[in-house]
Amino acid sequence: MTVAISVSLLSGRTVSLEAELDLSIKELKQRVQTVLAIGKGRLFDVSGNVLDDALTIEK
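Mapping to full-length UniProt numbering: the sequence shown position 52 is 52, numbers consecutive.
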């Protein structure tokens, strides 16, 4: 199953991606870094918790 994901930077830049639920957070971060041409960073959920690279989007 594919889901739409929006990622926003603190600078206000935003990207929307489609991804499979079994995609890891690490792979999602790599996609975002490529699309936005940025370095390494951390992803947070809507509650402000840091997402674990080893987890999948589904979890």
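Using N, Cα and C, we set each Cβ at its ideal position, and we do this for glycine too.
Predicted model, so just to flag it, every value in this text is computed and none were measured.
Query                                                                                                                           : Result
I'd like the span of the beta strand (DSSP E) that includes I5, first residue to last.                                          : T2 to S8
Taking the straight line between their C-alpha atoms, what separation do you get for L9 and D22?                                : 23 angstroms
Which word fits L28, buried or exposed, when buried means at least 16 other C-beta atoms lie within 10 angstroms of its C-beta? : buried
Considering only the beta carbon of each residue, do I25 and D53 sit closer than 7 angstroms?                                   : yes
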